[in-house]
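Q: Start counting the sequence shown at 1; every next residue gets the next number (the UniProt record's numbering). Quick reminder that beta carbons are idealized off the backbone N, C-alpha and C, glycines included. Can you keep this structure in mind? I'll have questions shortly.
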Amino acid sequence: MFDNKTILITGGTGSFGQKYTKTILERYKPKRLIIFSRDELKQYEMQQVYNAPCMRYFIGDVRDADRLKQAFKDVDYVIHAAALKQVPAAEYNPMECIKTNIHGAENVIRAAISNNVKKVIALSTDKAASPINLYGATKLVSDKLFVAANNVVGEGQTRFSVVRYGNVVGSRGSVVPFFKQLVANGAKSLPVTHPEMTRFWIMLQDGVDFVLKNFARMQGGEIFVPKIPSIRITDLAEAYGPGLTQDIVGVRPGEKMHEIMCPGDDSHHTIEFEDHFVITPSIKFFSQENDYTNNLLGEHGQLVESGFEYHSGNNPHFLSTVEILKMDEIG
């Protein structure tokens with residue numbers, strides 16, 4: 001569906017954007033592939049690797065509505081990956097996080113509607129479900145904006161959906177590169193926030209593939225959640241620093257013990273498919289009537305039981321230390 005189409009990725013120089021670009025160029029023949037981001041150095045570095053004739057690099061910030069509107073001209077599909085994502089940084093710089101994650105989301109929606117973009121998928125996070133930190137709260141607001149945008153568009157063709165998943169193996173700024181650096185520097189111990197903490201775990205390629213497939217699945221208004229494994233933080237530390245002492249340093253500001261992707265309060269809106277869940281809109285769309293139990297790929301799902309909750313602590317699939325390392329090698 002991406003052959004001879006124009007695709008734009010906001011925040012396209014990040015880990016996700018680069019892997020998405022690689023995948024699109026390997027599998028499809030897009031008319032244009034636009035990387036929209038605000039860091040000229042990261043764009044320059046990415047251009048040294050990805051410089052196919054279809055590639056375009058736009059410097060701009062999602063806070064700048066006019067620049068977004070210009071960049072979205074004649075675009076068919078948008079992946080909105082731009083965000084401020086560091087939990088402690090958001091706690092200490094709340095307005096900056098709000099400007100990018102909330103106001104930026106509104107700007108993306110307006111630019112997509114005004115340019116008649118076909119489909120938009122916004123990347124979310126498990127921290128947006130029952131949030132306790134500012135980052136998660138801004139992404140929850142962003143999710144709500146993108147779902148409601150399907151009503152705002154009226155009779156227009158643009159459709160908006162959200163993809164929500166957990167921690168990405170080895171992404172920039174995550175704990176895995178941090179642990180690796182400590183071990184490489186000869187550390188005798190690794191810092192662990194809490195011995196009972198768990199997280200969802202996904203390989204970057206799996207995240208990219210899930211987003212690609214959801215462009216074909218989506219009707220508009222869905223929050224797509226993949227079924228992925230969990231890890232224990234203590235197992236993660238043991239995998240990368242076998243035999244090292246684990247120093248309990250305490251939970252950081254805004255962190256949870258376990259992350260949630262499908263809250264129990266949303267169980268009456270949650271549909272289970274073979275390899276994913278869909279959280280359906282809580283509002284009615286006046287211009288469209290969707291049967292979310294059947295998606296556009298012909299897959300059929302069923303409503304979950306009342307009170308069902310999908311979180312990293314009750315997940316039936318936990319990775320062993322060997323599996324954690326194997327995922328890192330593959331990803």
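On the three-state DSSP scale, how would you describe Y50?
A: DSSP places Y50 in coil when its eight states are reduced to three.
Q: How should H276 be labelled, buried or exposed, when 16 other C-beta atoms within 10 angstroms of its C-beta is the threshold for buried?
A: Per the 10 Å Cβ criterion, buried.
Q: Note down the Cα distance separating V176 from G250, rounded to an integer number of angstroms.
A: So the alpha carbons of these two residues sit roughly 18 Å apart.
Q: Leaving out five residues before and five after E106 in sequence, what residues of the same chain have Cβ atoms less than 7 Å from its Cβ?
A: So the list reads L145, once near-sequence residues are dropped.
Q: Quick one: what's L190 bridged to in DSSP?
A: DSSP lists Q246 as partners of L190.
Q: Expressed to the nearest angstrom, what Euclidean distance is found between the alpha-carbon atoms of L84 and G186?
A: Computed Cα separation, rounded: 31 Å.
Q: Classify Q86 as buried or exposed, calling it buried when 16 or more other Cβ atoms lie within 10 Å of its own Cβ.
A: By the neighbour-count rule (16 or more Cβ atoms within 10 Å), Q86 is not buried but exposed.
Q: Measure the C-alpha to C-alpha separation of P94 and V62 and round it to an integer number of angstroms.
A: Each residue's alpha carbon lies about 17 Å from the other.
Q: Quick check on G243: buried or exposed, where buried means 16 or more other Cβ atoms within 10 Å of its Cβ?
A: Exposed, because fewer than 16 other Cβ atoms sit within 10 Å of the Cβ of G243.
Q: Within its chain, find whatever has a CB closer than 7 Å to the CB of I24; leave out the 5 residues flanking it on each side and keep chain order.
A: Same-chain partners within the cutoff: F2, I7, P30 and L33.
Q: May I have the straight-line CA-CA distance separating N214 from P88, to the nearest angstrom?
A: Distance between the alpha carbons of N214 and P88 is about 31 Å.
Q: Give me the residue from S230, Y92, E155 and A148 with the minimum Cα distance to V168.
A: The shortest Cα separation from V168 among S230, Y92, E155 and A148 belongs to S230.
Q: Smallest Cα separation from N294: which of D209, R217, D66 and D76?
A: The residue with the shortest Cα to Cα distance from N294 is R217.
Q: Please classify T138 as buried or exposed, where buried requires at least 16 neighbouring CB atoms within 10 angstroms.
A: Buried, by the Cβ-count rule.
Q: Report the residue ranges of all beta strand (DSSP E) runs contained in full by the region 71-137; include only those spanning at least 3 residues, in chain order.
A: Correct list: 77-80 and 119-123.
Q: Have a look at the DSSP bridge pairing and note the partners of E272.
A: DSSP lists F277 and Q302 as partners of E272.
Q: Indicate the three-state DSSP secondary structure (helix, strand or coil) for M1 in the structure shown.
A: Of the three classes helix, strand and coil, the one that applies to M1 here is coil, per DSSP.
Q: Would you kindly work out how many angstroms separate the C-alpha atoms of residue 379 and Y77, rounded to a whole number?
A: The first residue shown for the chain is 1 and the last is 331, placing residue 379 beyond what the model contains.
Q: Do you know offhand how far N133's Cα is from G254's?
A: C-alpha separation (whole angstroms): 4 Å.
Q: Which value, in whole angstroms, describes the spacing of the CA atoms of K99 and L68?
A: Straight-line Cα distance between these residues: approximately 15 Å.
Q: Going by beta-carbon coordinates alone, are G12 and T21 separated by less than 8 Å?
A: Contact flag set, yes.
Q: Name the residue from S189, S114, H311 and K326 whose alpha carbon lies nearest to the alpha carbon of A237.
A: Answer by Cα proximity: S189.
Q: To the nearest whole angstrom, what separates the beta carbons of I324 and D206, a pair I think is in contact under 8 Å?
A: I324 to D206, Cβ: 14 Å. No contact.
Q: DSSP on N294, reduced to helix/strand/coil?
A: Strand, per DSSP.
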